[in-house]
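Take a look at the structure set out below.
Protein chains: 2
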Amino acid sequence: MNYKLRCVHCGRIYDPNDVRYTCPICGQRLGTLEVIYERQGIVNRDFDVEHRGIWAFSEFLPIKREHFEVPLLVGNTPIYEERKLADELGLASLYIKDDGRNPTASYKDRASAVAIAKAKELNIDTIYCASTGNAASSIAGLSAASGMKSIIFVPKSAPAAKLTQLLVYGATVIAVDGSYDEAFDLSMEIGEKFGWYCRNSAVNPYLLEGKKTGAMEAALQLGWNVPDFAMVSVGDGTVVSSIYKGFKDLKDVGFVDRIPRMIGVQAEGANAVMRTFESGKFDVPRDMVAHSIADSIAVGKPRDVLKACKYVRASGGRFVSVSDEEIGRAVVELSRKTGVFAEPAGAAAYAGLKKIHDELKGRSVIIFVTGNGLKDVGSARRFVGKVYSVKPIKEEVEEALRNAGAI
Amino acid sequence: MNYKLRCVHCGRIYDPNDVRYTCPICGQRLGTLEVIYERQGIVNRDFDVEHRGIWAFSEFLPIKREHFEVPLLVGNTPIYEERKLADELGLASLYIKDDGRNPTASYKDRASAVAIAKAKELNIDTIYCASTGNAASSIAGLSAASGMKSIIFVPKSAPAAKLTQLLVYGATVIAVDGSYDEAFDLSMEIGEKFGWYCRNSAVNPYLLEGKKTGAMEAALQLGWNVPDFAMVSVGDGTVVSSIYKGFKDLKDVGFVDRIPRMIGVQAEGANAVMRTFESGKFDVPRDMVAHSIADSIAVGKPRDVLKACKYVRASGGRFVSVSDEEIGRAVVELSRKTGVFAEPAGAAAYAGLKKIHDELKGRSVIIFVTGNGLKDVGSARRFVGKVYSVKPIKEEVEEALRNAGAI
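Residue numbers (the working numbering), protein chains in the order written: chain F, 1 to 407; chain Y, 1001 to 1407.
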């Protein structure tokens, strides 16, 4: 597809051959770029998601006709209609899109796959990012599958278990004795010096294009009937923007007739995007020290704020925030009511729905679950009941079962 | 489908209305039952796995026409052709079926889904098993999604993280101060007393029927071209039997023209099935104390030995065993070469292939990866490289990158 890049702040249009990441005038934090397409001809509606995953939507992606495809099935994740839960919450309908079933178990695989396609287009064989979470494991795993090298910059505080997975995939892991932001800035400096490809969220405009396929898949799975509201957790702001963009691109070609109202859900301890949105002044927010059990959205210095605010406003949506307590309970409740075990950030969207469902009575809602609960089993621990320890004696077992209310 | 149950030991045929689990004559460990079908009419070849998962194969399953389907997409997991790796190993072709992408991230979901359908058929609302691993998380998750209660019996030594996931799903967890076998026996006794449905591997003949859909899906994905060899890790022996049965059921209706030679891969420290097979006397093996990093196949008292041995022999296959060192290295190598991060038991099949690939030169091989690496990130730790710790200074980062061989 032919496309240009447009600065979300100043509106300048760039040729993708001239500018790779962000607007040279507005800078890295305000001047993130949007991909705008110069469409010629009609889009084929025959999307073979089962076999091709996100590449079924390649006519909506900023890639060449002959592009590299990561040899793992990215996307093709299930969507579930939750009738009983919709009734309980007074909704007309409720859908859950479970993106924890991607190759490395998070939504980020959609972005990484496109990043790798772009790197291959540029004949770059090394890709880097600063992350301790899903972006890192995603790029490490997809790079391994693609014969690429990956370099991951993490703050020294990153938990060992998360780093092990990166090492298993063969990534080079650099632990910086400093904050996440120091690791981020160093990654940009080193990455540029050595000419590696950048997979830092928000900086790279193509990541959002990959992520938007989640919305497109959902629309396809729902027979192009778009729900009234879409709920998604927000850290940097890229995923919520991408879901808006996915529906918008479909609306532009007439496949859907509207865009859901986007409800961005932030953790109370990391709600910089919400505060910016509510201030009405869409500028770079004051940095904060983020605190949340939902590590994937515990972002103190979000990097895609302007786009997220503009897109959410354009959709007629808004932001809500939820406490760690609400997130933890949402992990458990969502698992028990639907069987979908989400990581805390993934369940945050459900926590947001619980918080505002009174306002959504009679409406249809989709929740995007962005990561698998196996990524972080521990953080739900204090919200669950106990294990009943017994001697191997039948009577003791029965007493325990009675105490548990099971008999 | 109409079906009967046949004892794998004495060959007696039972009506499923008369016998629920094992042969009353031959007992629990020798007398596991096979499901044999009385097929009438032709099977429809139009399998909609994308939308229906394992239920696309319902004409091959021991369920009523109107059956309950767990409202999670079970199956529909990807298969990958690994051309480069096939070349390296001298194989004609190599396929990896990644069943870590099931709802609770293991092959066991295929069995649990059928168990729940059977329980619903019998109007039983509680299901139980003795397990610390994939069977437990699978039945807990799928029960939650299905509005069923689940009771899980575990030995007291079970790791806390694995139990947390069960509690998140709302399972009642009984930790027995004793061995796995004591927990197993207690579960059978209590489960029978309260009339719950049993999801203990091997005991319940329908679990294997659910599991066989993995082979059927693979055959469908390969256009009914069956590879020469199928490699699968073996603990109790049910999965390897199920894969044989899946191909056999397809051969019986003429969809495939042969059954791959089954290669069962056991851990050296838990190789009771292999020893029984090699002895030529297919009896209950002497129990052993199992030791392996691959916890899902670390079975000291396997319960489906006879069936596994008979089916593997019928296929013209055999068993191999691999060390913990080989399994750990296989986790890492498989991740790096394919991007498929498998749990140790899942990677054991690849370790087995590495061990015997010289004998398979020029042949086609399929590996079944039965569980996701996120289930057990820690055990690969000692087989990976190190994290490079640096001060936030560009020069230090570059030195680390040089030491890592990345620049």
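Glycine included, each C-beta is placed from N, C-alpha and C at the ideal position.
### Task
Given a cut-off of 7 Å, decide if G1133 (chain Y) and S1296 (chain Y) are closer than it, judged by their beta-carbon atoms.
yes
### Task
Please look up how many angstroms separate the CB atoms of L374 (chain F) and A1380 (chain Y), rounded, as I've assumed it's under 8 Å.
Not a contact, Cβ separation roughly 15 Å.
### Query
Expressed to the nearest angstrom, what Euclidean distance is found between the alpha-carbon atoms of C129 (chain F) and D287 (chain F)?
21 Å
### Query
Would D410 (chain F) pass as a contact of S150 (chain F) if the rule is Cβ separation under 7 Å?
Residue 410 (chain F) cannot be examined here, being either before or after the span of chain F that is shown, 1 to 407.
### Task
Check distances from the C-beta atoms of the region 1252-1283 of chain Y to those of chain F and list, in chain order, the residues that come in under 8 Å.
none
### Task
Ignore the nearest five residues each way along the sequence and tell me which others in Y1388 (chain Y)'s own chain have a CB closer than 7 Å to its CB.
A1400, N1403, A1404
### Message
Can you list, in chain order, the residues of its chain with a C-beta nearer than 7 Å to that of I36 (chain F)? Leave out the 5 residues immediately preceding and following it.
### Response
Y3, K4, R6
### Message
Please confirm whether K1391 (chain Y) has its beta-carbon closer than 7 Å to some beta-carbon of chain F.
### Response
yes
#### Entry: Where the alpha helix (DSSP H) through L1401 (chain Y) begins and ends
1394-1403
### Query
Any chance the region 173-193 of chain F sits against the region 223-238 of chain F, with 3 or more Cβ pairs inside 8 Å?
no
### Query
Which residues, in order along the region 1087-1098 of chain Y, keep a beta-carbon less than 7 Å from a beta-carbon of chain F?
none
### Buried versus exposed call for H1009 (chain Y) [16 or more other C-beta atoms within 10 Å across all chains shown]
buried
### Task
Reducing DSSP to helix, strand and coil, say where A1348 (chain Y) ends up.
helix
### Message
I'd like to confirm the pairing. Which residues does DSSP put opposite Q266 (chain F) in its beta bridges?
### Response
F:S321
### Query
So I1139 (chain Y) is in the alpha helix (DSSP H); what residue range does that whole segment cover?
1134-1146
### Message
Going by DSSP in three states, Y21 (chain F) sits in which element: helix, strand or coil?
### Response
coil
### Query
I1151 (chain Y): beta carbon under 6 Å from a heavy atom of the ligand GTP?
Here there are no bound small molecules, and the ligand GTP is not part of this structure.
### Query
Around the Cβ of L122 (chain F), are there at least 16 other Cβ atoms within 10 angstroms (buried) or fewer (exposed)?
exposed
### Task
On a CA-only basis, which of F:P71, F:R12, F:S93 is nearest S112 (chain F)? Give me that one, please.
F:P71
### Query
How should V1340 (chain Y) be labelled, buried or exposed, when 16 other C-beta atoms within 10 angstroms of its C-beta is the threshold for buried?
buried
### Message
Please report whether the beta-carbon of S242 (chain F) lies at a distance below 7 Å from any beta-carbon of chain Y.
### Response
no
### Query
Between R1304 (chain Y) and P1260 (chain Y), which are expected to be in contact by the criterion C-beta below 8 Å, what is the C-beta distance as a whole number of angstroms?
It should be pointed out that residue 1304 (chain Y) corresponds to Asp in this sequence rather than to Arg. Going by Cβ atoms, the distance from D1304 (chain Y) to P1260 (chain Y) rounds to 19 Å, so no, they are not a contact pair.
### Query
Using the C-alpha atoms, what's the distance from A117 (chain F) back to A136 (chain F)?
17 Å
### Task
Consider the Cβ of R329 (chain F): report whether some Cβ of chain Y lies at a distance smaller than 7 Å.
no
### Query
Under a Cβ-count criterion, where at least 16 other Cβ atoms within 10 Å of its own Cβ denotes burial, should V1256 (chain Y) be classed as buried or exposed?
buried
### Task
Measure the CB-CB distance between A308 (chain F) and G237 (chain F) and report whether it falls below 7 Å.
yes
### Message
Once DSSP output is grouped into helix, strand and coil, what is the label at N1195 (chain Y)?
### Response
In the sequence as displayed, the identity of residue 1195 (chain Y) is Gly instead of Asn. Correct three-state label for G1195 (chain Y): coil.
### Message
Residues in the same chain with beta-carbon distance under 7 Å from G1246 (chain Y), minus the five sequence neighbours each way, listed in chain order, please.
### Response
K1212, T1213, G1214, A1215, M1216
### Query
DSSP state of A202 (chain F), grouped into three classes?
coil
### Task
Alpha carbon to alpha carbon, how far is D358 (chain F) from A86 (chain F)? Give it in angstroms, no decimals.
12 Å
### Message
Run through chain Y and tell me which residues come within less than 8 Å of D177 (chain F), C-beta to C-beta.
### Response
S1389, V1390, K1391, P1392
### Message
Does the structure place the region 365-372 of chain F close enough to the region 340-352 of chain F that three or more beta carbon pairs sit under 8 Å?
### Response
yes
### Query
Relative to the C-alpha of E1161 (chain Y), which residue among F:V390, F:E398, F:I393, F:K386 is closest?
It should be noted that the sequence gives Ala, not Glu, for residue 1161 (chain Y). Here the closest residue by C-alpha is F:K386.
### Task
Could you spell out where the beta strand (DSSP E) holding C1129 (chain Y) opens and where it closes?
1126-1130
### Task
State the DSSP-derived secondary structure class of Y157 (chain F), mapped to helix, strand or coil.
The amino acid occupying residue 157 (chain F) in the given sequence is Ser; Tyr does not appear at that position. Correct three-state label for S157 (chain F): coil.
### Query
Any Cβ of chain C within less than 7 Å of the Cβ of V114 (chain F)?
The displayed structure is made up of protein chains F and Y, and chain C is not among them.
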